[in-house]
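Notes follow the structure.
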Amino acid sequence: RSLLAQLRGDLAGALRLADEGLAVIEASMAAGEGGANTFPILLMQRSSLRLAFDQSEPAVADATLALRSLEDSSPADTHSIGLGRAYFTLSRALQGRGDPEGERAMLVSALAHFEDAAGPDHPETREARALLAAADAKY
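Taken in order, the sequence shown gives residues 282 to 420; the numbers are from this note's numbering.
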């Protein structure tokens, strides 16, 4: 529902729904009833929404928690689109915070995941590559 609100342009409603969704997922996880697969996805969405409201520190916190959650549930040395998206989300949050070195490091990781998991011509791979080139040119 949060994503639908975001697509309709209701960012405040989308953020409220993301908060509600995360509260439900966290309660479900605490009760041992699942939700771990949805948790990082909602965190990444909320991170992006927080950036839209210039809330860079909470956006970084959400993106970092999403990345840690995915890393903890993935086999070591595994590349995946999900991890690529988490690194990408964290790169955007770090950019919002004004951390170009952190942004670049996360883009490098996102690109490695996207290239390995999706291939060099995948749209997310191309986007990460372009943003990394722009970051390199800028700094």
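Don't be surprised by glycine CBs; every beta carbon is placed ideally from N, CA and C. Everything numeric in this text was worked out from a predicted model, so none of it was measured.
- Distance between PHE369 and LEU324, taken at the CA atoms: about 13 Å.
- In the same chain as PRO339, and ignoring 5 residues on each side of it, the C-beta atoms closer than 6 Å to its own belong to ARG331, in chain order.
- Rounded to whole angstroms, the gap between the alpha carbons of ARG407 and LEU348 is 21 Å.
- Short of 7 Å from the beta carbon of ALA393, and not among the five residues preceding or following it, lie these beta carbons of its own chain, in chain order: HIS360.
- If you ignore the 5 residues before and after GLN287, its C-beta comes within less than 6 Å of the C-beta of ALA295, all in its own chain and listed in chain order.
- In this structure, the CA atom of ALA304 is about 18 Å from the CA atom of LEU292.
- Secondary structure note for SER309: its alpha helix (DSSP H) is the uninterrupted segment 292-311.
- Pairing GLY302 with ARG366, the inter-Cα distance amounts to about 20 Å.
- Exposed is the label assigned to GLU307, since fewer than 16 other Cβ atoms lie within 10 Å of its Cβ.
- For ALA414, the enclosing alpha helix (DSSP H) starts and ends at 404-419.
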